[in-house]
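Numbering (the working numbering), first residue to last: 2 to 634. Just so you know, even glycine gets a beta-carbon here, dropped at the ideal spot from N, CA and C. Report on the structure given below.
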Amino acid sequence: MRRASHVALVLAVASACSAPEPGARRPTPPAGQSAAIVPSIIVRDRWTADIDVLRGALWQLDSAATELSINRSALSLARATDQFVAARQAFKRTEFLTAYYAPSTTETMNGPALPRVDDEEGPEIIFPPEGFQVIEELLYAEAPDSARAMRVSAETRNLIDLVTRLHTAATHQVMTDDRIFDAVKQEIARIVTLGVSGFDSPVALYSLSEAAASVRGMRDALEAYRAPLGEKEWTRLDSAFTAATAALSRVSLATESGRVDAFNGFDRLHFIARVANPLAHTVAQVRGHLGIGTPQEPRAFRMEAVTLFDSGAFSAEAFAPPGTLRASDAQVAVGRALFFEARLSNDGSKACSSCHDPALAFTDGRARSAARSAHGVLRNAPTIINAGLQVGSFYDLRTTFLEDQVTDVLGNADEMHGNADAAATQLAKDSVYRALFTGAFGRVEDVRGIALRQAIAAYIRSLQALNSRVDHALRGDTVALDREEQLGLNLFMGKARCGTCHFAPLFNGTAPPTYQESEVEVLGVPSAAVTRGGRIDPDSGRYRITRAAPHLHAFKVPSVRNVALTAPYMHNGVYRTLEQVVDFYNRGGGAGIGVRLPNQTLPPDRLDLSGDEQRALVRFMKALTDTTGTMRR
2 MRRASHVALV LAVASACSAP EPGARRPTPP AGQSAAIVPS IIVRDRWTAD
52 IDVLRGALWQ LDSAATELSI NRSALSLARA TDQFVAARQA FKRTEFLTAY
102 YAPSTTETMN GPALPRVDDE EGPEIIFPPE GFQVIEELLY AEAPDSARAM
152 RVSAETRNLI DLVTRLHTAA THQVMTDDRI FDAVKQEIAR IVTLGVSGFD
202 SPVALYSLSE AAASVRGMRD ALEAYRAPLG EKEWTRLDSA FTAATAALSR
252 VSLATESGRV DAFNGFDRLH FIARVANPLA HTVAQVRGHL GIGTPQEPRA
302 FRMEAVTLFD SGAFSAEAFA PPGTLRASDA QVAVGRALFF EARLSNDGSK
352 ACSSCHDPAL AFTDGRARSA ARSAHGVLRN APTIINAGLQ VGSFYDLRTT
402 FLEDQVTDVL GNADEMHGNA DAAATQLAKD SVYRALFTGA FGRVEDVRGI
452 ALRQAIAAYI RSLQALNSRV DHALRGDTVA LDREEQLGLN LFMGKARCGT
502 CHFAPLFNGT APPTYQESEV EVLGVPSAAV TRGGRIDPDS GRYRITRAAP
552 HLHAFKVPSV RNVALTAPYM HNGVYRTLEQ VVDFYNRGGG AGIGVRLPNQ
602 TLPPDRLDLS GDEQRALVRF MKALTDTTGT MRR
């Protein structure tokens, strides 16, 4: 009883989470209580100390890069790479708090080594890549000359400036216990999606050992709660962290072949199902034992979910316009009726279901959907199952929310060539629809365009199916997949690099763990299914929207869930089978079949997948099939 009172006293001092502000005061413990026993203050101070270590490691890297620019010996290169490893490990120790409290800084420090387009600033505003991943390419892609070594130094000094500002912000950051545990939850999610897939160490393949550093950073931070937890609970938590660290640390950093073999051979299914998920559950149990709640805010990865693989882990409403509430069954029913309603088109000839047929997993089986006009050229119709669990619609991401997608499709001259308001006016004369809308929205007067759009969007959001055999396996029932399918999962998230764009567990391109942005990629998709002499498909993709050069032939990364049912594939339907798709990637995308694109974002290197490995990948993707509850009209 006395210990419980002590816990309450310790945890009561946490203040509400806020963005760092210069001059903000640290939380003050109650009168007569030492700041040393306030866990949130200890965590914050440990974070700032770790940021100091990171800054020191970067200064050492800068010194080594300067030496390498003067003396390009094997010893100088080894020192530079050793210092890079040390700096990355130091960064990873801070990542769970840095990514949580300073996400934009984290993105700058550790984002992909690709040009970044600021859509709001205009097509001419293109930011060059920077940060750790740029340095990794400079040091590991090929033997660095003096110019490359000097670029390493310049990038490192930029990182030092960022880290210095981060340190200042961290010292003033108000932290609360619920946010600290939330940051841990998000970092575990980051590790099982981005970390084990090699997302942020694509060249050197240090991702597994770096994930181990992230785990150690979380463990050391949560040691601040050891006293209020008691030794029994702390030992249980410490054991879970130790198991995760051990699983990730069986990697040789000494040689490239050692790293490649360890990366390719890592059993991601076992790690997620048997190590990472239990760690997340242990952290959640410890949080509950301490009486720490969860922050209350709408978020794609639900606040009450423990792991990304939980049933019901995702909220479609978080991907909807701000303020959108969960739709009622009546509103979904209206949307379902409208989805099959040909009167939405201007001549009554076409409904949403014309291109998204439930019998074909909401596709139409065509390479490209049929356009209304002779000159119109549409793209391949994607499934809308789980379409509510992504940021942005259409292959070119021209709309953000499903409501906007409905408006676009209804008004498109080559699709419905209609108008939401005009359709609503017509349907208001129908007694059946008047009754449906009254039941859903409360008044006949609400048979309006805005309600029509909301209803169709609500229906699409209801089409969630995340219960495939793969999901069962990732939740712990690993025998739900046979050995070949398990190999395919590990290839997908490892050697084949599919998981660095199609992020588990949604397997689409909306990036975890915050799910606030969807990726576009330039793959070099050809106009014909050839293996050499390929020519790029003329569709300019996202470039049509942004007019930014990096977006020429860039397309949204789609989900690979239910791909067994949604052939043909790619935005132009050029590939009839999954085997052809895997072969395209195995060759290095467009670059491997003769397409010359200077802005291809897919690595042009061959994957060197064997025939057995390619078959395993296809088997795994077919195991992602789940249309339960979505196919009825």
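- Between the alpha carbons of A338 and A481 lies a gap of roughly 36 Å.
- At the C-beta level, L223 and V276 stay beyond 9 Å of one another.
- The residue from T95, V44, L139 with its alpha-carbon nearest to that of S70 is L139.
- The region 231-239 makes no contact with the region 255-268: fewer than 3 CB pairs, one atom from each, lie closer than 8 Å.
- Pairing H357 with T325 gives a Cβ-Cβ distance that is not under 9 Å.
- Beta-bridge analysis with DSSP links S394 to T400.
- For the set I126, A148, M151, E108, the Cα lying nearest the Cα of F133 is the one of E108.
- Under the three-state reduction of DSSP output, P539 falls in the coil class, being neither helix nor strand.
- Listed in chain order, the non-local C-beta contacts of P40 below 6 Å within the same chain comprise A225, Y226, local neighbours out to five positions each way being set aside.
- A straight-line Cα-Cα distance of about 7 Å links D201 and S208.
- A buried status is given to T364, since no fewer than 16 other beta-carbon atoms sit within 10 Å of its beta-carbon.
- With distances taken between CA atoms, A592 lies nearest to P604 out of A436, P604, S355.
- Look at the beta carbons and you see the region 520-531 touching the region 548-557: at least three pairs across the two are nearer than 8 Å.
- Rounded to the nearest angstrom, the Cβ distance from T308 to A281 is 5 Å, consistent with a contact under 8 Å.
- Our two residues, L492 and Q465, have alpha carbons roughly 26 Å apart in a direct line.
- Here I127 carries a strand assignment [DSSP, helix/strand/coil].
- S519 is bridged by DSSP to T511.
- The DSSP-derived three-state label of P527 is strand.
- Restricting attention to alpha helix (DSSP H) runs no shorter than 4 residues, the region 550-591 encloses them at 579-587, ordered along the chain.
- Of F621, A205, V175, G595, the smallest CA-CA separation from T532 is found for G595.
- Scanning its chain for C-beta atoms nearer than 7 Å, with the 5 sequence neighbours on each side dropped, one finds around A245 the residues V216, V276, A277, L280, in chain order.
- In the DSSP assignment, Y434 falls within the unbroken alpha helix (DSSP H) covering 432-442.
- Counting only the Cα atoms, T511 lies some 18 Å from G542.
- Secondary structure note for F493: its alpha helix (DSSP H) is the uninterrupted segment 484-493.
- Using a 10 angstroms sphere on the CB of R588, the tally of other CB atoms reaches 16 or more, which defines it as buried.
- Per the coordinates, the alpha-carbon of P322 lies some 20 Å from the alpha-carbon of V448.
- If you draw a straight line from the Cα of M176 to the Cα of Y102, it is about 9 Å long.
- Look at the beta carbons and you see the region 256-266 not touching the region 310-317: under three pairs across the two are nearer than 8 Å.
- Of Q487, Q187, R616, the smallest CA-CA separation from A306 is found for Q187.
- Close CB contacts of H168 within its chain, under the 8 Å cut and outside five residues either way in sequence, are with T49, I52, D53, R56 (chain order).
- Here the C-alpha atom of W235 lies approximately 11 Å from the C-alpha atom of R288.
- Taking C-beta atoms as the reference points, Y460 and F340 count as a pair closer than 9 Å.
- Residue pairing by DSSP places V596 opposite no residue, since no beta bridge is assigned to it.
- Inclusion of R577 and A530 in the CB contact set at 9 Å is warranted, their separation being smaller than that value.
- Under the three-state reduction of DSSP, R449 is assigned to coil, being neither helix nor strand.
- In this structure, DSSP gives T364 an extended state, which the three-state scheme calls strand.
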